[in-house]
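There are 4 protein chains.
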Amino acid sequence: MLYHTPLDAPALRTLGIPEPWGFGLADRVRFGELDALGHVNNAAYLTWFESFRLPYLAARRITDYSPESPRLVLRRTACDYLAELFAGQDYVVTGRTRAFRRTSFTMEFAVWLPAAAGAARCTTTGEAIVVLLNWTGTGRHPIPEAGRRAFLELDGALDESA
Amino acid sequence: MLYHTPLDAPALRTLGIPEPWGFGLADRVRFGELDALGHVNNAAYLTWFESFRLPYLAARRITDYSPESPRLVLRRTACDYLAELFAGQDYVVTGRTRAFRRTSFTMEFAVWLPAAAGAARCTTTGEAIVVLLNWTGTGRHPIPEAGRRAFLELDGALDESA
Amino acid sequence: MLYHTPLDAPALRTLGIPEPWGFGLADRVRFGELDALGHVNNAAYLTWFESFRLPYLAARRITDYSPESPRLVLRRTACDYLAELFAGQDYVVTGRTRAFRRTSFTMEFAVWLPAAAGAARCTTTGEAIVVLLNWTGTGRHPIPEAGRRAFLELDGALDESA
Amino acid sequence: MLYHTPLDAPALRTLGIPEPWGFGLADRVRFGELDALGHVNNAAYLTWFESFRLPYLAARRITDYSPESPRLVLRRTACDYLAELFAGQDYVVTGRTRAFRRTSFTMEFAVWLPAAAGAARCTTTGEAIVVLLNWTGTGRHPIPEAGRRAFLELDGALDESA
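Residue numbers (my numbering), protein chains in the order written: chain Z, 1 to 162; chain G, 163 to 324; chain R, 325 to 486; chain L, 487 to 648.
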């Protein structure tokens with residue numbers, strides 16, 4: 001398994017992860033992510049989606065995390081738990097932007113147990129609404145034009161800014 | 163501030179927290195709950211709602227956490243971030259059950275900055291769908307009758323089990 | 325139990341916590357601090373000591389956490405686990421400064437299960453060496469004179485700066 | 487970088503990590519491991535050492551984590567912070583057993599920033615004393631004979647059980 005390295009659409013298909021997912025990151029469940037019930041704690045998934053967003057948003061040219069970049073804050077998160085995950089399991093987080101407006105966008109996520117052959121199993125899905133703020137703190141910041149194009153071309157995102 | 167102690171409706175009103183909230187728990191933001199942006203991390207709120215559920219679900223007689231009790235698992239969480247929270251701030255988590263079916267129920271949560279006088283400020287809202295499973299792992303477990311009554315009488319929850 | 329509020333020597337004695345401890349903070353174990361073994365995880369204690377340090381170091385006048393204050397960084401931590409802690413238990417963290425040099429000091433910590441009558445039970449002890457740096461990043465910062473006096477007078481700390 | 491996969495002595499030397507280290511695991515700093523100071527939080531290192539111990543202790547045949555295996559608990563941890571780590575950095579945790587007695591052993595750890603050429607930089611060192619307990623809870627459990635041999639032969643550990 002190729003961990004911490006962006007997996008593109010062909011690489012994801014090899015792991016049994018279907019369309020429309022085209023950006024994924026693999027990692028392994030840590031002992032510290034389990035809770036007293038012995039499975040991955042509900043809050044850990046939000047940190048997985050957070051870890052995903054950093055390289056994803058750089059790749060989509062939303063931010064280069066420089067001091068002049070817009071500040072990205074969460075407006076909303078949601079998570080659906082379909083199956084438990086346990087210590088030591090390898091998983092892949094996939095994410096994409098479903099739609100965007102002028103200063104915000106909606107991402108969706110999924111967590112997969114990859115399959116040696118056949119279909120990967122989706123254990124968790126999630127959603128996040130991200131808002132761009134000016135670093136100065138005075139109001140919203142528009143999504144950079146390069147980012148809008150990347151959302152459209154690479155994710156097939158819906159442009160709801162009109 | 164009375165921390166870690168269930169706050170009833172009159173106590174919540176004193177802190178400026180409105181109806182329909184009737185069960186609250188106060189705590190203080192810890193340094194370790196901040197992320198590199200200097201505010202409370204998005205995932206921390208889910209652990210606050212989790213900490214809330216334990217005494218709340220005992221008070222609503224859903225479980226006494228004995229070995230024969232049903233196993234409570236999350237089917238879904240959601241969180242709306244309305245305002246940032248920072249180190250050392252006192253906050254109150256309120257929660258209630260909005261609706262229940264035969265083997266699951268939907269809770270809603272809110273996080274408040276209490277006011278010395280006037281209205282508290284709601285900084286975050288959340289939602290969780292909780293499912294009851296048999297400890298043996300073979301299927302769903304019905305909500306205990308005492309719990310259904312408590313949801314109806316104490317939370318004004320909607321009975322969607324019919 | 326009076327949570328999140330500095331407990332002085334008389335208050336600590338009432339809880340069965342012996343000399344030389346004169347500064348304590350009470351809190352309650354959260355579900356999220358447990359690991360898959362069902363007890364408080366080893367790393368959680370370091371976050372408890374961290375939460376303790378913030379009000380303690382303000383009270384000892386080492387820092388007021390203003391932008392011009394020295395930057396406080398850990399050089400070393402250690403923790404001895406004497407007994408397990410479990411969900412929902414009330415505990416008290418006590419801390420003091422044992423010795424100080426010109427730009428660093430050594431703290432010691434203990435975690436207690438307070439007793440209604442008789443001696444509290446010490447479940448964990450810890451240690452931290454804290455170093456003061458200039459905010460500019462260019463070298464060490466001396467302990468403020470008011471802080472040295474507080475260490476000497478309030479904690480009986482050893483002055484090793486000579 | 488080969489993440490989450492045990493690195494043996496030759497692999498570690500290639501990364502600039504010196505003797506006596508012969509077991510390492512690579513990972514990448516996550517955003518969620520940073521604190522409000524923008525660097526990896528002091529407690530995160532303990533979770534890294536914990537994640538290291540699981541595959542290491544299986545490889546050293548101390549436990550196969552079956553229900554009949556001895557229960558492994560920490561008696562003591564310590565951590566020295568030599569340099570800060572930041573988001574996105576690749577690091578290697580190395581660990582070994584320095585000495586063992588009949589029912590406990592002392593491990594040491596180090597965290598490294600691997601070098602493309604030349605010496606890796608050690609940013610953190612640590613220590614842990616691990617005790618073996620019977621699962622039944624009635625007293626200590628001796629280190630399995632295969633484990634003692636592995637400590638001696640693979641780590642050059644000191645036998646202090648005599």
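Even glycine gets a Cβ: it sits at the ideal position worked out from N, Cα and C.
Mind listing the chain G neighbours of residue i? Cutoff is C-beta to C-beta under 9 angstroms, in chain order.
{"i": "Phe-355 of chain R", "result": "Thr-209, Glu-212, Ser-213, Arg-215, Leu-216"}
Under the three-state reduction of DSSP, which class applies to residue i: helix, strand or coil?
{"i": "Phe-347 of chain R", "result": "coil"}
{"i": "Phe-538 of chain L", "result": "helix"}
{"i": "Leu-457 of chain R", "result": "strand"}
{"i": "Ala-585 of chain L", "result": "strand"}
{"i": "Glu-289 of chain G", "result": "strand"}
{"i": "Arg-337 of chain R", "result": "helix"}
{"i": "Thr-63 of chain Z", "result": "coil"}
{"i": "Ala-278 of chain G", "result": "coil"}
{"i": "Thr-47 of chain Z", "result": "helix"}
{"i": "Leu-2 of chain Z", "result": "coil"}
{"i": "Leu-398 of chain R", "result": "strand"}
{"i": "Leu-169 of chain G", "result": "strand"}
{"i": "Leu-34 of chain Z", "result": "strand"}
Between residue i and residue j, what straight-line distance do the alpha-carbon atoms span, to the nearest angstrom?
{"i": "Gly-581 of chain L", "j": "Thr-622 of chain L", "result": "29 angstroms"}
{"i": "Thr-609 of chain L", "j": "Ala-596 of chain L", "result": "8 angstroms"}
{"i": "Ala-411 of chain R", "j": "Thr-225 of chain G", "result": "16 angstroms"}
{"i": "Asp-494 of chain L", "j": "Trp-598 of chain L", "result": "15 angstroms"}
{"i": "Asp-189 of chain G", "j": "Tyr-218 of chain G", "result": "15 angstroms"}
{"i": "Phe-31 of chain Z", "j": "Ala-279 of chain G", "result": "45 angstroms"}
{"i": "Leu-478 of chain R", "j": "Met-163 of chain G", "result": "27 angstroms"}
{"i": "Val-255 of chain G", "j": "Ala-245 of chain G", "result": "14 angstroms"}
{"i": "Leu-295 of chain G", "j": "Ser-552 of chain L", "result": "25 angstroms"}
{"i": "Glu-357 of chain R", "j": "Thr-268 of chain G", "result": "25 angstroms"}
{"i": "Tyr-415 of chain R", "j": "Ala-439 of chain R", "result": "10 angstroms"}
{"i": "Ile-129 of chain Z", "j": "Arg-53 of chain Z", "result": "12 angstroms"}
{"i": "Thr-563 of chain L", "j": "Trp-183 of chain G", "result": "44 angstroms"}
{"i": "Glu-270 of chain G", "j": "Ala-261 of chain G", "result": "10 angstroms"}
{"i": "Cys-403 of chain R", "j": "Gly-16 of chain Z", "result": "45 angstroms"}
{"i": "Ala-335 of chain R", "j": "Leu-482 of chain R", "result": "25 angstroms"}
{"i": "Glu-554 of chain L", "j": "Arg-264 of chain G", "result": "39 angstroms"}
{"i": "Pro-330 of chain R", "j": "Arg-385 of chain R", "result": "15 angstroms"}
{"i": "Ala-120 of chain Z", "j": "Gln-89 of chain Z", "result": "13 angstroms"}
{"i": "Arg-13 of chain Z", "j": "Leu-85 of chain Z", "result": "21 angstroms"}
{"i": "Ala-36 of chain Z", "j": "Val-364 of chain R", "result": "9 angstroms"}
{"i": "Trp-210 of chain G", "j": "His-328 of chain R", "result": "16 angstroms"}
{"i": "Glu-145 of chain Z", "j": "Ser-213 of chain G", "result": "42 angstroms"}
{"i": "Tyr-81 of chain Z", "j": "Thr-125 of chain Z", "result": "7 angstroms"}
{"i": "Pro-232 of chain G", "j": "Ala-220 of chain G", "result": "12 angstroms"}
{"i": "Leu-560 of chain L", "j": "Glu-613 of chain L", "result": "11 angstroms"}
{"i": "Ala-162 of chain Z", "j": "Ala-43 of chain Z", "result": "35 angstroms"}
Taking C-beta pairs closer than 7 angstroms, name the residues in chain L that residue i reaches, listed in chain order.
{"i": "Val-28 of chain Z", "result": "Here the sequence assigns Arg to residue 28 of chain Z, which means Val is not the residue at that position. Under the 7 angstroms cutoff, chain L gives His-490."}
Measure from the C-beta of residue i to each C-beta in chain R and report whether the shortest distance is under 8 angstroms.
{"i": "Ala-36 of chain Z", "result": "yes"}
{"i": "Leu-599 of chain L", "result": "no"}
{"i": "Ala-87 of chain Z", "result": "yes"}
{"i": "Ala-648 of chain L", "result": "no"}
Residue range of the alpha helix (DSSP H) that residue i falls in?
{"i": "Glu-570 of chain L", "result": "Unbroken run through Glu-570 of chain L: none, as it is neither H nor E."}
Is there a Cβ from chain A that is less than 8 angstroms from the Cβ of residue i?
{"i": "Cys-284 of chain G", "result": "In the structure shown, chain A does not exist; the protein chains are Z, G, R and L."}
Name the chain Z residues that come within less than 8 angstroms of residue i, Cβ to Cβ?
{"i": "Thr-265 of chain G", "result": "Residues of chain Z passing the Cβ test: none, with the nearest at roughly 15 angstroms."}
Quick one: list the residues of chain G neighbouring residue i, beta-carbon separation under 8 angstroms, in chain order.
{"i": "Leu-74 of chain Z", "result": "Asn-204, Tyr-243"}
Following the continuous beta strand (DSSP E) through residue i, name the residue where it begins and the one where it ends.
{"i": "Phe-637 of chain L", "result": "Phe-637 of chain L -> not in any beta strand (DSSP E); alpha helix (DSSP H) instead, spanning 631-641."}
{"i": "Met-431 of chain R", "result": "428-437"}
For residue i, is the beta carbon positioned less than 7 angstroms from some heavy atom of the ligand FMN?
{"i": "Val-131 of chain Z", "result": "For the structure depicted, the ligand FMN is absent and the ligand set is empty, with no information on it obtainable."}
Can you pull the chain Z neighbours of residue i, defined as C-beta to C-beta under 9 angstroms?
{"i": "Ala-240 of chain G", "result": "Arg-76, Thr-77, Ala-78, Cys-79, Glu-127"}
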